[in-house]
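K.L.:
In our numbering, the protein residues as written are 2 to 518.
One structure coming up, written as structure tokens, with questions to follow.
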């Protein structure tokens, strides 16, 4: 959905991205990595020989692929034939696609991820229409929902696609764009029902793929299979019961309950009612426990406040939760300022910790709080942190050496890994692995290449040459010294939680403060 021109998608192929796999294994080895994350898709599954080259056998350096089957790239043919994930037909097709992948690559892939962030796909693709396939109702409807969802936030303009500078605008200005040529008011979709239909079919597709793998392949291939969910930690904006209930509603939507108990959360069923599809008894049984591990994508923390739904005549997935999210309290951004201390580099300075994207405020303690909640709520499942990282805005005016000096990213990983270590050592959280997002700068959906998440700099204008950033060097040293206690003390951060509880256990018992979607 990046690169819009008069309402039409411009050039659906990112030619510069084709160079991604060149020298990938050498990059991983050079940076001391032992795992890599790859994404397959329906269209590419037919190119078995090419993909076989990209999915490595044991290289002797310990590189192990963790493969995602679906990361929002549905074949256009299935969208044209039966509207993709809006149709139950997609469940059988996804199972057949997964079957092919298990058969062809299961000898070397021991960790499979069925879906990446199914909430993001359904919410932004069918609720707001800012990701493919761009459904979600009229432009005025989208604008009103956006104002409720994040009234003061900014977003990356789709015209940032392959541009040198970052183009941002407020959601108020976005409404004007949605009403103009760039996004015609075609009344496509129903944001009060379609996201839930897509959610339902994604869950069933996941469950069918897991059942197939366990029945046909798991014993002989000795692998594991799971699903990746995106998550934020939520702090009630005030002490009020209504804000605490808002945080509870935030957590109760959508995926973990079906995966663990085979049904949607009670609060979700009571609000969405007949708009929410129902699982049959057989489907519920198939869903319950349909994972060997949970992939967890964590970046940031938000405040949550109660937001009454004033228009029940036009239900929308955005307003169904009746939660308003914010990134500041009394004018102070969450995780506003922190002192960065790098023991190895002997650097000490203070800075505002925020990513290049407006939504990414840095709050490392929320990472541990999230993990503790999952342990308590869902009986300490096996977790792989599949994404965690910080982006920076692309700035073509900076010299290369300055672009490589990503001190904020080093700080981000240092603090988050510190809290992760504390969570695993002191609270016995069952985390088995950690992936940064990402190894390389890459194409970031609607943001294009206007932001950079990579530990390695990619020069898109010079044959995608790569240069290691400071964070890559730091992370390699961290991996070599992962058993050291030199970084065991976590940064002190103000407790922004409005709870009066004195202990972590009391905080967990006082009510949910996060969302797993």
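Even glycine gets a Cβ: it sits at the ideal position worked out from N, Cα and C.
Looking only at its chain, what residues have a beta carbon closer than 6 angstroms to the beta carbon of residue 208, apart from the 5 residues adjacent to it on each side?
P.N.:
287, 288 and 291
K.L.:
Buried or exposed for residue 332, going by 16 or more other Cβ atoms inside 10 Å?
P.N.:
exposed
K.L.:
For the candidate residues 284, 378, 372 and 475, whose alpha-carbon lies nearest to that of residue 92?
P.N.:
Ranking the options by Cα distance to residue 92, first place goes to 284.
K.L.:
When you compare the segment 392 to 402 with the segment 364 to 372, are there three or more beta-carbon pairs, one atom per stretch, that lie closer than 8 angstroms?
P.N.:
Under the three-pair Cβ rule at 8 angstroms, the segment 392 to 402 does not count as touching the segment 364 to 372.
K.L.:
Reducing DSSP to helix, strand and coil, say where residue 305 ends up.
P.N.:
strand
K.L.:
Helix, strand or coil: which one does DSSP assign to residue 72?
P.N.:
Residue state, collapsed to three classes: coil.
K.L.:
For residue 309, is the classification buried or exposed, using 16 other Cβ atoms within 10 angstroms of its Cβ as the cut-off for buried?
P.N.:
exposed
K.L.:
Give, in chain order, every unbroken run of the beta strand (DSSP E) that is at least 3 residues long and sits entirely within the segment 210 to 248.
P.N.:
Those beta strand (DSSP E) runs which fall completely within the segment 210 to 248 and span 3+ residues are 225 to 237.
K.L.:
Which residues mark the beginning and the end of the alpha helix (DSSP H) in which residue 268 is found?
P.N.:
267 to 273
K.L.:
Can you give the beta carbon distance from residue 134 to residue 80, rounded, assuming they're within the 8 angstroms contact cut?
P.N.:
6 angstroms
K.L.:
According to the neighbour-count rule (16 or more other Cβ atoms, all chains shown, within 10 Å of its Cβ), is residue 216 buried or exposed?
P.N.:
exposed
K.L.:
My guess is that residue 247 and residue 324 are in contact by the Cβ rule of under 8 angstroms, so how many angstroms apart are they, rounded?
P.N.:
5 angstroms
K.L.:
DSSP three-state label for residue 472, please.
P.N.:
Secondary structure of residue 472 (DSSP, three-state): helix.
K.L.:
Give me the Cα-Cα distance between residue 97 and residue 224, rounded to the nearest whole angstrom.
P.N.:
19 angstroms
K.L.:
Nearest by alpha-carbon distance to residue 278: which of 95, 201, 237 and 470 is it?
P.N.:
201
K.L.:
Return helix, strand or coil for residue 334, following the three-state DSSP convention.
P.N.:
strand
K.L.:
Where does the unbroken alpha helix (DSSP H) through residue 190 begin, and where does it stop?
P.N.:
Looking at the DSSP string, residue 190 is not in any alpha helix (DSSP H), and its letter there is neither H nor E.
K.L.:
To the nearest angstrom, how far is it from the Cα of residue 307 to the Cα of residue 327?
P.N.:
11 angstroms
K.L.:
Would you mind working out which of 106, 421, 270 and 198 sits nearest residue 491, comparing C-alpha positions?
P.N.:
421
K.L.:
Helix, strand or coil, according to DSSP, for residue 115 in the structure here?
P.N.:
strand
K.L.:
Looking only at its chain, what residues have a beta carbon closer than 6 angstroms to the beta carbon of residue 434, apart from the 5 residues adjacent to it on each side?
P.N.:
385
K.L.:
Is residue 313 buried or exposed, if buried means 16 or more other CB atoms sit within 10 Å of its CB?
P.N.:
exposed
K.L.:
Taking the alpha-carbon positions, what's the residue 417 to residue 63 distance?
P.N.:
The straight-line gap from Cα to Cα measures roughly 24 angstroms.
K.L.:
Out of 424, 478, 399 and 426, point me to the one whose CA is closest to residue 460's CA.
P.N.:
399
K.L.:
Among the residues of its own chain, which have a CB less than 7 angstroms from the CB of residue 273, if the five just before and after it don't count?
P.N.:
197 and 321
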